[in-house]
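Anchor point for the sequence shown: position 199 equals 199 in the UniProt record's numbering, and the numbering is continuous, going up by one each time.
Here a beta-carbon is modelled for each residue, glycine too, at the ideal position from N, C-alpha and C.
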Amino acid sequence: MSKLWWQTKGEGKDDLVLLHGWGLNAEVWHCICAELSSHFRLHLVDLPGYGRSQSFGALSLEEMADIVLAQAPEQAIWLGWSLGGLVASQVALSHPERVKGLVTIASSPCFTAQGDWPGIKPEVLAGFQQQLSEDFQRTVERFLALQTLGTETARQDARRLKAVVLEQPMPGVEVLNGGLEILKTADLREPLRQLTVPFLRLYGYLDGLVPRKIAGLLDEQWPQSEAVIFPKAAHAPFISHPQDVCLALEAFQKQLG
Numbered sequence: 001m002s003k004l005w006w007q008t009k010g011e012g013k014d015d016l017v018l019l020h021g022w023g024l025n026a027e028v029w030h031c032i033c034a035e036l037s038s039h040f041r042l043h044l045v046d047l048p049g050y051g052r053s054q055s056f057g058a059l060s061l062e063e064m065a066d067i068v069l070a071q072a073p074e075q076a077i078w079l080g081w082s083l084g085g086l087v088a089s090q091v092a093l094s095h096p097e098r099v100k101g102l103v104t105i106a107s108s109p110c111f112t113a114q115g116d117w118p119g120i121k122p123e124v125l126a127g128f129q130q131q132l133s134e135d136f137q138r139t140v141e142r143f144l145a146l147q148t149l150g151t152e153t154a155r156q157d158a159r160r161l162k163a164v165v166l167e168q169p170m171p172g173v174e175v176l177n178g179g180l181e182i183l184k185t186a187d188l189r190e191p192l193r194q195l196t197v198p199f200l201r202l203y204g205y206l207d208g209l210v211p212r213k214i215a216g217l218l219d220e221q222w223p224q225s226e227a228v229i230f231p232k233a234a235h236a237p238f239i240s241h242p243q244d245v246c247l248a249l250e251a252f253q254k255q256l257g
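Quick look at the structure:
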């Protein structure tokens, strides 16, 4: 059976599983690991097909969640950024008894804009899929640049994300296409209404991929969850504002008791 790349570190009382976003790998969490490892036992994972977890092809959201869950501690707080937020949410839906708390960062239950729902235009995601087969590296770089757009530290944040990608093995086109397919088609808005697990949602005010309007819409739809919007952050708040993100996670841990 194929195995995920998985690293555990930290001295805290709670297990915290961290799931990265599309095209990236667990090194993306480097800037918050030192602070969080005194509060949590961190589980850093390269999602199936990404980074050092190379021996997987394209997967559905459910398959990805099941594979990660199989190696996870018996009970943990699950944190997912962007695409990782969908995977963490799927774990919470399918196995709530394994999830002490759910945290999503710059994530949406439905990434595609439709009707009154704000998000990424379907043709933009389709365009990325087409460009992947033509110029793989440039497409990934463009997507990373979109994630930091608008912040005061946009250029250095984009460089940091690019370094994270290039340091580890690159995912194959099939895996990246599969991830974009999940972003294009997944819609967990209705299932997550029924979620009973404590749920914290973190957003960047300047995020161009997950518009801040989503936070308010979900406050109405999911009154049992809590949202925090970081005013000067975009799609990667833990890179541009690591201290603020750590404080929000530590406050959430206290609430869970």
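Per DSSP, the bridge partner or partners of residue i
i, result
"I77", "L16 and G101"
"L42", "K9 and L16"
"F230", "G204"
"F199", "L102"
"I182", "The partner list for I182 (beta bridge, DSSP) is empty, contrary to what the question assumes."
"I120", "T112"
Classification of residue i by the beta-carbon crowding that lies within 10 angstroms, buried from 16 upward
i, result
"E97", "exposed"
"E27", "buried"
"residue 263", "With the chain covering only 1 through 257, there is no way to say anything about residue 263."
"A70", "exposed"
"Q224", "exposed"
"Q253", "buried"
"L47", "buried"
"A163", "exposed"
"K100", "buried"
"A234", "buried"
"L256", "exposed"
Extent of the continuous beta strand (DSSP E) to which residue i belongs
i, result
"T8", "W6 to K9"
Presumed contact (8 angstroms Cβ cut-off) between residue i and residue j, rounded CB distance
i, j, result
"T112", "K232", "Not a contact, Cβ separation roughly 26 angstroms."
"S37", "K9", "6 angstroms"
"V103", "L247", "Between L247 and V103 the Cβ distance is about 13 angstroms, and since that is not below 8 angstroms, they are no contact."
Continuous alpha helix (DSSP H) stretch holding residue i: start and end
i, result
"Q114", "That residue, Q114, is in no alpha helix (DSSP H); it is neither H nor E in DSSP."
"A236", "Taken as a continuous stretch (DSSP letters only), A236 belongs to no alpha helix (DSSP H), as it is neither H nor E."
"A35", "The amino acid occupying residue 35 in the given sequence is Glu; Ala does not appear at that position. Segment H30 to L36, the alpha helix (DSSP H) holding E35."
"L244", "Checking the sequence, you will find Asp at residue 244 rather than Leu. Taken as a continuous stretch (DSSP letters only), the alpha helix (DSSP H) holding D244 covers P242 to L256."
**Asked** Counting Cβ pairs closer than 8 angstroms, one from the stretch 218–230 and one from the stretch 155–165, do we hit at least three?
**Response** no
**Message:** I'd like to know if the stretch 73–88 and the stretch 18–27 are in contact, where contact means that at least 3 CB-CB pairs between them fall below 8 angstroms.
**Reply:** yes
**Message:** Could you check whether the stretch 128–143 touches the stretch 174–185, counting it as contact only if at least three pairs of C-beta atoms, one from each stretch, sit closer than 8 angstroms?
**Reply:** yes
**Asked** Quick one: any contact between the stretch 186–203 and the stretch 163–175, if contact means 3 or more CB pairs under 8 angstroms?
**Response** no
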